[in-house]
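Here is the structure we will look at.
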Amino acid sequence: MAVAYYFFQKDNKDERSVNKALRAVIWQLTQRDAVYQKSVAGACDKPEEFGNTLELWRQLIVQFSTKIEVTIFIILDGIDEAKAETGDPLIQILREVSLFAAEKRPLSLRLLITGRPMSFLEINKTPNIAMSTIQLGTRNTEDILKFVELRLDTMEIFKKSDQPDIQELNERIRTELTHGAQGDFFKLNYMLTEISKKRRRKEIEEVLEHADEDRQATIAREIERLRQALGDEDIEDLNEVLIWVIGAMVWPLLTTLESALFIKNGESSLTPLENQVREKYSALLEVSEYQTLAVTSQSIIEYFRAKAQQAAEDKATHTALHESEIAIVKRFLRNFCDDELFNKFGFEEFFQEKLSHRNTSIHADLDNMDLHILLSLLKAICGELRSEVFTLIEYTCPQSTIGSQLIKLFTEEEYVDRWWTQDRMWMRTGWVYNDEYCSIVLRWFKYSAVVKGLTVEQREWVNGLNSSSRPNDDLLKPIAKIMAKRWLQVCGLWFVEDIYWWLLGCVTKVKERTGEGERVTSDVSPTLEQILEVEKWAMKELGVTEQDSLWTVRMAITFRHYGFYQQAIERSTISKNLDSSSNWRAPFCLAQTHALQGRYKMALETLEEVIAMFRKNGDIMEEWCAAFYSDILYYLREWNVELQEYEAANAHNPDSYEPILRIILILEAQEKYGEIIEYSKLYHETITKAGRAAGQLEAVKETYQVAIEAAKSGETRLTTLTALRYWYPLFLYYDYPHHNAHEEAITIWEQNIASIPRISNELISNVRWSTVAKLATSYIQEAREAGLDTPYCRYIPQQVDLSLHKQQRWSCNDWQEFKRLCICLSHIENDVNTLAAWSLLGPTIDREATSDCQEIGEETFSEAGGSESEAAAAEEDESSEVLSQTDAGDEEEGEDGQSANVSETSPSPSENGYGGGLDGHLAFICDGGCGHEWSYADDVYPCKDFIDVQFDTACYEKLTAGTLGQKVCNKSHDILHVPRWGFEEAASVPGSHVRVGGETITIPDWLSTIRKKYGFD
């Protein structure tokens, strides 16, 4: 008999992996059984690595279970503290231990695991795991009772134990806490600590009311107590410490955390962190004997993780109140209370309390935890070298650890798959099409410290790279083999074009260096020979001599993607013949190829075979259900629509709205508006247009209202509801003919902004921005209709004041405030000052760009008959800055006494390509839908009635002609024209000046004039 034990220590992150636990168990077993020790020693002498945790278990435990006759007891204590690992090896181990009991093997294995109930939820849901359960909470009552008595005896309030009422309270505490603890010492400790701080019987009784709550509720109450007790700075320091304690690789040293707080606060605390933890944060954190800091329980991390998930869906519980919100409530109360009653209830103090630190929350930003730690480390390394940050610099990962992790990205398939996802395939530009990133990695592998911690096999591979004549090729060779497998031997990956381009770049790179061909350095349309060449290389690398049905159909998909339809048909047919029973990909690829050739009837006939195969074979349907509904039925609709077979298009999966939208767009183009209303209840612009033309706007409104109510009550994503609350008011404001429509639209937009969490995903953030823009536009329109002397217009001058206030100390980099000034002035000003503000939003230019532009200018001057000296006169010798009317600087005379400004004959940027090499800070896009973008002020038509709406010349002409067709503006609106950027004009304005109309004045004087005009000075 042999016994092995392992305890997952929460105060040591490095000792909490299942892999380490298994290694410790195996070591203990070898010390207790000589036969097993000999067997393990023989396995360790083999050159092969054990690999992951599951492989270690199977090679050193399972394989010997039929050879050694022994009874083994393994105890794993505290599995709730174990770190999660890829593949859940502990679950697999438990399943195989259950098989041991059902089979008669020489080795008898008994496994005892302990942990909190939450840690057993996943185990209990897993099939084929048979285990008995003991509720420790019912077995350790005596220990719980002794612990309670020991703590109560040390409390000051119970030292007068001879008093009857004290004895009765003591007994009640013992009874209720023992019953409520359910064996949980952690929760019990919290409760007793809270009781020890009370001084009145009623307060203690209030604590006992929570005796039966679960651990998470206890933690929540304790965190709320801390939030109420701590000040703002203490809470912020606690949040910083929590990020490090939860996110660091190991439990951090106190000195490391003091350095992190120094980076955050810019100064050291006068009180040592250890004292602060013991006095203020002991409910959540504890100092170990090694002067490291750890959470008092893994449950605290689970609590913050649950709160982070909740924050993504709901507003934070302790959202800070704005002063304007407080003012609204105070105004409401004063309407019903006189000053005496208002002061009697202490409302003023109450509101001040609401605006105080009580709204600062205790939280851990788990989503950005790693980035936060990395940023702190970079600040420590790259900032001023001070003694306070030395321990933080020492914390940074040693080079030996970097090497062992870095090599996994190039040699192990699991990590290659994590790295080269579909979203990251664009990175092939820097890794495959050129050698920039490979060279950086190879330099790392030349450092002895980096390769110090590698295994013998890994070190041999790195030595091979360093001694190779073509190390860049050899570095990517393992990844290339994995990519080839992805391309032709994995059925679930649809992005064949990205994988093929990766391989094409890699294969041609090798061939170029061996003198066998030219290297491909971008995404190209490959030739047939290039596709076949990469396939031949893949067969050699993967050791494939005979192509199976999967390989053949993946090649067919590749041919189809690049337009080689005949080859795609041939390969699809071969694949189909190789496996006609379950190979649905081959006929599906064949159908897609027919459709691309315009043979939709033939495509539909082939697609019916695929659908029949799914209907007949339940295993295929179960495995590829998503592909069936999202791809196969999608094309069934699309191709029927192409044949104008609308009923057939909707025969399968009628609840899929993407094909329905496609049909509606076709009906809209045919102006069959009545059929659209009858066919479906879809929404937005097409439906609105149809409803207006068919005289059924009321039906459109009802559809929106039903959709919004369904989104409120159903299990829908917040994105859907916020999008509906954007589009519905848009319909009301611009299309619904009712006297209250504008007011209702504005109300819904305001509700939408208020309901969207401040921390949202990208989709919701985009909806929020669109809603804000439309709401601001509606405010302006309502203000114009009400009159510019009404309170509606106070908001815009406030924004002008804010922009001007931020420009008290003007610099040439204040482009953001000039942009803001442009937007504000355009809605309340004449065009003179607005155009002056636009003139300050020029392109950026640096020395290198200036040199390039000079060369372009020389060519253009020569073509125009100008001399080289004239071209040279255009050169600027300035550091990188914003090129504007303020950036030309004072004119300097050249050797010939002439001005160094650009010649008046210099063509415009668009004519000579000068502007084509420049860029600016702006990020405007034409709202006409043409895709035109601006990065600086250059021939723009911004709308003065709408917020953030602008057009290029072509779309502006469509707008004025009434043919634009998009609900972004109206031809009756006032449109400003910002002229084409002129380098000559910009160069004629001295530095720190701006041209306002026909007058050139300093920028500070111009800003001062605007301030005076609006009464800000």
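Per the numbering used here, the very first residue in the sequence shown carries number 3; after that it's consecutive.
Glycine included, each C-beta is placed from N, C-alpha and C at the ideal position.
Under 8 Å between C-beta atoms of residue i and residue j
i, j, result
"N172", "F160", "yes"
"A23", "L78", "yes"
"P992", "D941", "no"
"P108", "K69", "yes"
"L490", "W553", "yes"
"E83", "F10", "yes"
"L394", "A262", "yes"
"D437", "N474", "yes"
"V996", "L837", "no"
"K703", "L732", "no"
"V1031", "C508", "No answer is possible for residue 1031: the residues shown for the chain start at 3 and end at 1019."
"L256", "V297", "no"
"I710", "R727", "yes"
"I74", "L31", "yes"
"G117", "G80", "yes"
"W503", "R388", "no"
"I95", "A6", "no"
"H829", "K946", "yes"
"L544", "K479", "no"
Same chain, Cβ closer than 8 Å to residue i, neighbours up to 5 away in sequence not counted
i, result
"A743", "L734 and Y735"
"Y567", "F561, T595, L598 and Q599"
"S780", "Y735, H744, A747, I748 and W751"
"I248", "V297, I303, F306, A366, L368 and M371"
Other residues of its chain near residue i: CB distance less than 6 Å, five sequence neighbours each side excluded
i, result
"L244", "A366"
"R587", "V555"
"E71", "P108"
"T605", "It is Ala, not Thr, that sits at residue 605 in the sequence shown. Cβ within range, chain order: A593, H596, A597 and W641."
"E746", "L734"
"L194", "R153"
"D898", "The predicted model places D898 with a pLDDT of 38, which falls under 50 and marks its position as unreliable, so this point remains unresolved."
Residue i - DSSP class collapsed to helix/strand/coil
i, result
"D79", "strand"
"F9", "strand"
"Q184", "coil"
"Q758", "In the sequence as displayed, the identity of residue 758 is Ile instead of Gln. Three-state DSSP puts I758 in coil, outside helix and strand."
"L272", "coil"
"I2", "In the structure as shown, the chain begins at 3 and stops at 1019. Residue 2 is therefore absent and cannot be evaluated."
"Y283", "helix"
"I977", "strand"
"F630", "helix"
"A747", "helix"
"P480", "helix"
"W983", "coil"
"C945", "strand"
"A838", "helix"
"W936", "strand"
"A296", "strand"
"L645", "coil"
"D1021", "As displayed, the chain neither begins before 3 nor continues past 1019, which places residue 1021 out of reach and without an answer."
"D921", "strand"
Same chain only: Cβ atoms within 7 Å of residue i, ignoring 5 sequence neighbours per side
i, result
"R336", "F344"
"G964", "K973"
"E2", "Limits of the chain in this structure are 3 at one end and 1019 at the other, which puts residue 2 out of reach."
"V998", "V834, N835, A838 and W1008"
"F66", "Y38, S41 and L109"
"F820", "A839, L842 and L843"
"K410", "Y417"
Any non-hydrogen atom of the ligand SAM within 7 Å of residue i CB
i, result
"Y943", "Only the bare structure without any ligand can be found here, which leaves the ligand SAM out of the picture."
### At least three beta-carbon pairs within less than 8 Å, the stretch 591-600 to the stretch 613-620
Output reads no: the stretch 613-620 does not touch the stretch 591-600.
### Task
Taking only runs that begin and end inside the stretch 116-203, name each unbroken alpha helix (DSSP H) of 4 or more residues, in chain order.
Segments of the alpha helix (DSSP H) lying fully in the stretch 116-203: 123-127, 143-155, 166-183 and 187-198.
### Message
Give the list of continuous beta strand (DSSP E) stretches no shorter than 3 residues that lie fully inside the stretch 326-355.
### Response
Runs found: none.
### Task
Specify whether the stretch 947-960 and the stretch 927-936 touch according to this definition: at least 3 beta carbon pairs, one from each stretch, less than 8 Å apart.
Flag = yes, the stretch 947-960 and the stretch 927-936 touch.
#### Entry: Cβ contact (3+ pairs, closer than 8 Å) linking the stretch 170-185 and the stretch 223-233
The stretch 170-185, when compared against the stretch 223-233, does not touch it at the 8 Å Cβ threshold.
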